[in-house]
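Please read the structure below before turning to the comments.
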Amino acid sequence: MNKLFERKNRTGPVLFSEYEKGSAVKKALLTDRDDILLEIRESGLRGRGGAGFPVSVKWMLTAAANSPQKFVICNADEGEPGTFKDRVLLSEYPELVLEGMIIAGYTVGARKGIIYLRAEYSYIKDFLQSKIEEMRSDGNLGKNICGRKDFDFDISIRLGSGAYVCGEETALIESLEGHRGEPRNRPPFPVNTGYLGFPTVVNNVETLASVPHIINKGGEWYHKFGTGKSSGSKLFSVSGDCRYPGVYELQWGITIKELLDLCGAENTKAVQIGGASGICIPESEFSRQISFEDASTGGSVMVFNKNRKMIDVLQNFMEFFTEESCGQCTPCRIGNVKLLEGVNMIRNNEYSLEYIEKLKELGETMKIASKCGLGQTSPNPFISILNNFKDEIFGMN
Amino acid sequence: MNDIEKNKRREFVSELMNKYVPDRTSLLPILQDFQEKFGYIDEYSQQLIAFELDIHPVEVNSVISFYAFLYDKPVGRNIVRICKNIVCEFNGSKEISDAVIKEFKINPGETTPDGKLTFEHVNCFGLCDKSPSMMVNGEIFENINKESALKIIKELK
Ligand SMILES: Cc1cc2nc3c(=O)[nH]c(=O)nc-3n(C[C@H](O)[C@H](O)[C@H](O)COP(=O)(O)O)c2cc1C
Ligand code: FES
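Those protein sequence lines, which keep their order, are chains F and U. The working numbering numbers the first residue of the first sequence as 1 and each following residue consecutively. The working numbering numbers the first residue of the second sequence as 1001 and each following residue consecutively.
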């Protein structure tokens, strides 16, 4: 087998622990749907795509919707810079992801699942397809799953075509429907009006992959990991200036300092938590916890050492956002360009502090006025890097 | 485009209409498959696809223009993409890109006059643990450097 898809020697409390293929689907299909919802609620599982929405609520709303058709979508667009944990799950633990989708389908009453795989991961597609076929021939996918006459579920894979914004769930749905990946207004939410107008669960790869373990070992067991509001484990994609970059499965609540020690980071100046749209944390705050309550991340942890210039980081991120803004709404389309201009003014020493403050205000406006999460979060690095690294940046010329 | 070329495209589009449900939800897979075979989606074929799916040709063009990996103009026989996100940048991807720009005399987004190579920048391949990274015709290359990248590109047909 291609070494890309060989399972590495990984350990972790949940996702990287032992799992018997097919066991959770078998168990779930013998369980009442409402009991699965209760179990998921007890686990406290929250979405791993970044926003942290409670999974039980999303599933309950979809289950409650009265509709001839429903869908389960696995969001495998993983576009947030510095994130690669879904790549590891899809290529080393595909059965967890697929079984999570089946269990979601059973629970909410959907018969079709779609994996939206980013174009940059197209090399994983054939492998995933072969796993789907394997499950089909094992009777775990397709008609009458596990012999249950009242449950059919099948999964297909769709490729993206290189657009970060398509990771936003409504843009993703637009893309699946054959349109430009432009986010919709929310509400209505996909749980009511999703793919082709039908109730749809959209969940991140890691969210779905957590489900089989919760089914097998129980919500209470899962809830023991992590902190109160951020229960369970989290995959962190650690990259940048450290000796051991890679994917770590750890409990929510770990401090940044502890994570830096684990990955062999030295001489660290800053850690960007949550990708380009996240926040940049300076050394003085390395005792902060990584959790929904404190420093939250969909998985991206980028480490920068003391030789790096923070203005380079900021410029890189703002270029990213100006390129990836879909252009639908004005605050995001124009705002990101203005913030990037500001970065270049600072670089060229052609700025006034007063104007930079204006730009930060513009950033705050973008957070409120942008149509989707892209423009609502893209000012984060601008504001946090300029605030946290004032001396370096404004004293640099 | 001459009639032979047009016929080839017409035949392929009708194959695709059999492969997929011929409605709008299939637009992206159809465009992706078409492009894989012909390199880019020419205007004539955009109209064919639009006609088959019963949508306006402008809609097809608008979708193509939205996605970075879809092309409505000819591209090179090989597409080289280098990650320019910050982790790769700090690990040297800028120097690698500069070397490609110098060696092949093209800027990001351009194609060499001999049609061998299209060069692009991409924002994070999700290979940041094996950075810097590069993608050549869909195949990934990890932990590249200036020498290895240029060697891989030079060996392309
Ligand atoms: C600009 C933007 C990009 C996003 N990209 C992704 C992504 O690549 N993967 C993902 O799972 N969620 C992404 N999301 C979040 C999704 O909109 C959605 O919240 C998520 O898929 C829900 O699944 P979860 O609750 O399991 O996290 C993105 C959101 C925004 C605003
Ligand atoms: S930063 Fe280059 S692959 Fe992620």
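Every residue, glycine too, gets a C-beta built ideally from N, C-alpha and C.
Contact of E1089(U) with chain F by beta-carbon distance below 8 Å involves D312 and N316. Excluding sequence positions up to five before and after N336(F), its CB lies within less than 6 Å of the CB of F321, T322, S325 and S378, all in the same chain and listed in chain order. Counting of Cβ neighbours within 10 angstroms places I1086(U) among the buried residues, the total reaching 16 or more. Scanning G274(F), C280(F), R288(F) and G160(F) for the CA closest to the CA of S296(F) turns up G274(F). In this chain, the beta strand (DSSP E) harbouring V303(F) covers S300 to N305.
For F1125(U), the shortest C-beta to heavy atom distance toward ligand 2 is below 7 Å. Between ligand 2 and the CB of G82(F), the shortest heavy atom gap is smaller than 7 Å. It is roughly 43 Å from the alpha-carbon of V97(F) to the alpha-carbon of E1103(U).
Using a Cβ-Cβ distance cut-off of 8 Å, the region 40-58 of chain F and the region 209-222 of chain F are in contact, since at least three pairs of beta carbons, one from each stretch, lie closer than that value.
Taking 8 Å as the cut-off, the beta carbon of I1106(U) is found no closer than this to the beta carbon of N1145(U). Taking CB atoms only, T207(F) has no neighbour in chain U less than 8 Å away. Flagged as an interface residue toward chain U: A119(F), by a C-beta distance shorter than 8 Å. Using a 10 angstroms sphere on the CB of F1051(U), the tally of other CB atoms stays under 16, which defines it as exposed.
Relative to ligand 2, even the nearest heavy atom lies 7 Å or more away from the CB of S161(F).
Remark: the shortest separation between the CB of C1128(U) and any heavy atom of ligand 1 does not fall under 7 Å. The three-state secondary structure of F1066(U), taken from DSSP, is helix.
Beta-carbon to beta-carbon, T31(F) and V201(F) are separated by about 18 Å, too far to satisfy the 8 Å threshold. Along the region 1074-1087 of chain U, going in chain order, the ones with a CB nearer than 7 Å to a CB of chain F are N1085, I1086 and V1087. The region 240-254 of chain F makes contact with the region 287-301 of chain F; the number of CB pairs closer than 8 Å reaches 3 or more. No residue range can be given for R111(F), since it is assigned to no alpha helix (DSSP H) and is classified by DSSP as neither H nor E.
Y164(F) has its Cβ nearer than 7 Å to a heavy atom of ligand 1. Contact between the region 232-247 of chain F and the region 1122-1132 of chain U is present: three or more C-beta pairs spanning the two stretches fall below 8 Å. At least one heavy atom of ligand 1 falls within 7 Å of the beta-carbon of R48(F). Between the region 345-357 of chain F and the region 1018-1034 of chain U there are fewer than three C-beta pairs closer than 8 Å, too few to call the two in contact. In summary, no residue of the region 196-223 of chain F has a CB separated from any CB of chain U by less than 7 Å.
Membership of E174(F) in the alpha helix (DSSP H) is indicated by the continuous run E169 to L176. Contacts with chain F at 8 Å (Cβ-Cβ) do not include N1018(U).
Contact of N1007(U) with chain F is not assigned, every C-beta pair being separated by 8 Å or more. Distance check between L159(F) and each of P199(F), A270(F), N185(F) and E177(F) places E177(F) closest, using alpha-carbon atoms only.
Along the region 227-260 of chain F, the beta strand (DSSP E) occurs as fully enclosed runs of 3 or more residues at 233-240 and 246-251, listed in sequence order.
At least one heavy atom of ligand 1 is found less than 7 Å from the C-beta of L374(F). Contact with chain U is absent for R111(F), since none of that chain's Cβ atoms lies less than 8 Å from the residue's Cβ. Relative to F71(F), the option among Y116(F), S161(F) and R48(F) whose CA is nearest is Y116(F). Taking 8 Å as the CB threshold, T83(F) lines the interface with chain U. Residues of the region 228-255 of chain F with a C-beta less than 8 Å from any C-beta of chain U: S237, V238, S239, G240, D241, P245, G246 and V247, listed in chain order. Between C74(F) and V191(F), the C-beta gap is not smaller than 8 Å, which leaves the two residues out of contact.
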